[in-house]
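Participant: Here our numbering is used: the first residue of the sequence shown is 1, the next is one more, and so on. Think of the CB as a built atom: it goes at the ideal place given N, C-alpha and C, for glycine as much as any other residue. The model shown is predicted, which means the values in this text are computed figures rather than measured ones. Just dropping this structure here.
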Amino acid sequence: MSFAGKLVVVTGAASGNGLAAARLLAQRGAALSLADINAEGLGKARALIESENSPKSHILTIALDVRDSAQIDSWIKRSKDKLGPLYGAADVAGVTEKQLSGDPLDAAEWDHRIGTNLTGVLHCGRAQARNASSEGASNVNVSSIVGLIAVAGVGLAYTVSKHGVVGLTRRIAQHLAPKNIRVNCVAPAVVATPLTEKAFKDHQIPMNLMQRLAKPEELASVIALLLSQEASFLTGSTYPVDGG
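This is the structure:
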């Protein structure tokens with residue numbers, strides 16, 4: 001499953017699931033354009049990926065906020081200008097389900113969650129489709145198992161945003177299929193990252209058949225598969241990565 005010389009863009013690439021996806025794609029030869037709101041984290045991610053690959057990968061990094069469509073448009077255009085046509089995109093950026101306030105109906109809470117987790121995916125998908133390779137491309141959006149079921153105790157805005165990503169994926173896939181652009185979605189349960197492992201380990205393990213949390217590399221493998229030509233007849237679907 002080689003991505004040799006092909007441009008793949010990744011949001012949320014400074015840490016966690018986005019970084020794991022970027023590392024795997026680099027190992028498989030992709031030219032990468034990485035985006036995240038965390039500029040310092042992006043720099044560290046780039047250094048790590050370059051240290052793992054010889055010769056060094058072709059990597060562009062841009063700090064941005066996915067809620068800002070102008071920033072997204074500029075990033076994708078710059079990526080295409082520097083690294084060639086867009087072959088794939090992993091839209092991983094998102095904010096966690098932890099409430100910012102005690103009120104699930106708080107307007108600022110809603111705007112922040114929906115803006116980042118849902119509208120940000122729309123901004124990315126639109127810009128990516130406009131700059132896709134003439135041979136076709138593949139986008140993978142990241143929802144959550146919470147986007148498929150309602151989980152007690154998980155914030156309202158987070159739940160709605162992740163359900164929205166599932167619906168958005170289906171509709172965009174329908175729209176872009178004539179252009180040979182595939183759009184799929186992954187819906188992970190809690191993945192063991194520094195942010196989640198302590199908070200969710202005891203709560204999550206009894207809820208899956210594998211009796212453990214997912215590793216970021218396991219989610220990255222599914223993302224890479226869906227981006228590749230090995231998944232050339234898959235589009236418009238959401239794949240749970242939840243341990244059963």
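Assuming the contact rule is C-beta atoms closer than 8 Å, GLY20 and LEU219 should be a hit. Round their C-beta distance to whole Å, please.
Facilitator: Counting from one through the sequence shown, the residue named residue 20 turns up at place 20. Counting from one through the sequence shown, the residue named residue 219 turns up at place 219. Note that residue 20 is Ala in the sequence shown here, rather than Gly. About 7 Å separates the two Cβ atoms, so the contact holds.
Participant: DSSP three-state label for ALA187, please.
Facilitator: For the purposes of this step, residue 187 is identified with residue 187 of the sequence shown, where counting begins at 1. Strand.
Participant: By how many angstroms is the C-alpha of ALA93 removed from the C-alpha of VAL191?
Facilitator: The residue labelled residue 191 in the question sits at position 191 within the sequence shown. The residue labelled residue 93 in the question sits at position 93 within the sequence shown. Roughly 14 Å between the two C-alpha positions.
Participant: Throw me the rounded Cβ distance for the GLU52 and ARG23 pair, which I believe falls under 8 Å.
Facilitator: Position 52 of the sequence shown holds residue 52. Position 23 of the sequence shown holds residue 23. So it is a contact: roughly 7 Å between Cβ atoms.
Participant: When you compare the CB positions of ALA187 and ASN208, do they come within less than 8 Å of one another, or not?
Facilitator: For the purposes of this step, residue 187 is taken as the residue at position 187 of the sequence shown. For the purposes of this step, residue 208 is taken as the residue at position 208 of the sequence shown. Against a cut-off of 8 Å, the Cβ pair of ASN208 and ALA187 comes out as no contact.
Participant: Could you round the C-beta distance between VAL183 and ASN139 to whole angstroms and report it? I think they count as a contact, below 8 Å.
Facilitator: Residue mapping note: residue 183 aligns to position 183 of the sequence shown, counting from 1. Residue mapping note: residue 139 aligns to position 139 of the sequence shown, counting from 1. Yes, VAL183 and ASN139 are in contact; Cβ-Cβ is about 5 Å, under 8 Å.
Participant: Just grab the DSSP bridge partners of VAL10 for me.
Facilitator: Along the sequence shown, one-based indexing puts residue 10 at 10. Note: VAL10 sits in a beta bridge opposite LEU34, ALA90.
Participant: Quick check on the DSSP output: the alpha helix (DSSP H) that includes LEU24 runs from which residue to which?
Facilitator: The count along the sequence shown starts at 1 and reaches residue 24 at position 24. First-last of the alpha helix (DSSP H) with LEU24: 16 to 27.
Participant: Can you list, in chain order, the stretches of the alpha helix (DSSP H) that have 4 or more residues and sit fully within the stretch 104 to 178?
Facilitator: Qualifying alpha helix (DSSP H) stretches, in chain order: 107 to 114, 120 to 130, 156 to 176.
Participant: Tell me the residue span of the alpha helix (DSSP H) that contains VAL245.
Facilitator: Since the first and last residues shown for the chain are 1 and 244, residue 245 lies out of range.
Participant: Determine which residues share a DSSP beta bridge with ARG182 and list them.
Facilitator: As a working note, residue 182 is residue 182 in the sequence shown. Note: ARG182 sits in a beta bridge opposite SER138.
Participant: Looking at C-beta atoms only, is the number of pairs between the stretch 234 to 241 and the stretch 2 to 14 that lie closer than 8 Å three or more?
Facilitator: Not touching, per the Cβ criterion.
Participant: Given that a residue counts as buried once 16 or more other Cβ atoms are within 10 Å of its Cβ, and exposed if not, what is PRO178?
Facilitator: As a position in the sequence shown, residue 178 is number 178, starting the count at 1. Answer is exposed; the Cβ neighbour count stays below 16.
Participant: Using a 10 Å radius around the Cβ and a threshold of 16 neighbouring Cβ atoms, would you call GLY155 buried or exposed?
Facilitator: On the sequence shown, residue 155 is found 155 positions in, with the first residue counted as 1. Result: buried.
Participant: Quick check on DSSP: helix, strand or coil for ALA39?
Facilitator: Translated into the one-based positions of the sequence shown, residue 39 becomes position 39. In this structure, ALA39 counts as helix in the three-state DSSP scheme.
Participant: What is the residue span of the beta strand (DSSP E) that ALA70 lies within?
Facilitator: For the purposes of this step, residue 70 is identified with residue 70 of the sequence shown, where counting begins at 1. Note, ALA70: premise wrong, no beta strand (DSSP E); alpha helix (DSSP H) at 69 to 83.
Participant: Which partner residues does THR193 have in the DSSP bridge list?
Facilitator: Position 193 of the sequence shown holds residue 193. Paired residue(s): none; THR193 is not in a bridge.
Participant: When you compare only the Cα positions, how much space is there between SER144 and SER54?
Facilitator: Working through the sequence shown from its first residue, we reach residue 144 at position 144. Working through the sequence shown from its first residue, we reach residue 54 at position 54. Cα to Cα, SER144 sits roughly 34 Å from SER54.
Participant: Tell me whether GLU217 is buried or exposed, calling it buried when 16 or more other Cβ atoms sit within 10 Å of its Cβ.
Facilitator: Translated into positions along the sequence shown, residue 217 becomes position 217. Classification of GLU217: exposed, given that the 10 Å Cβ count is below 16.
Participant: Under 6 Å Cβ to Cβ from THR196, same chain only, skipping five residues before and after it: list those, please.
Facilitator: If you number the sequence shown from 1, residue 196 lands on position 196. Excluding residues within five positions, the ones whose Cβ falls inside 6 Å are VAL190.
Participant: Please report the straight-line C-alpha distance between ILE59 and LEU32, rounded to a whole angstrom.
Facilitator: By 1-based counting over the sequence shown, the position of residue 59 is 59. By 1-based counting over the sequence shown, the position of residue 32 is 32. Those two C-alpha atoms are separated by around 5 Å.
Participant: Mind checking which residues open and close the beta strand (DSSP E) that includes PRO240?
Facilitator: Sequence index remark: in the sequence shown, residue 240 carries index 240 (1-based). 238 to 241 is the extent of the beta strand (DSSP E) around PRO240.
Participant: Mark GLY5 as exposed unless 16 or more other C-beta atoms lie within 10 angstroms of its C-beta, in which case mark it buried.
Facilitator: Here residue 5 is taken as the residue at index 5 of the sequence shown, counted from 1. The residue is exposed, with fewer than 16 neighbouring Cβ atoms inside 10 Å.
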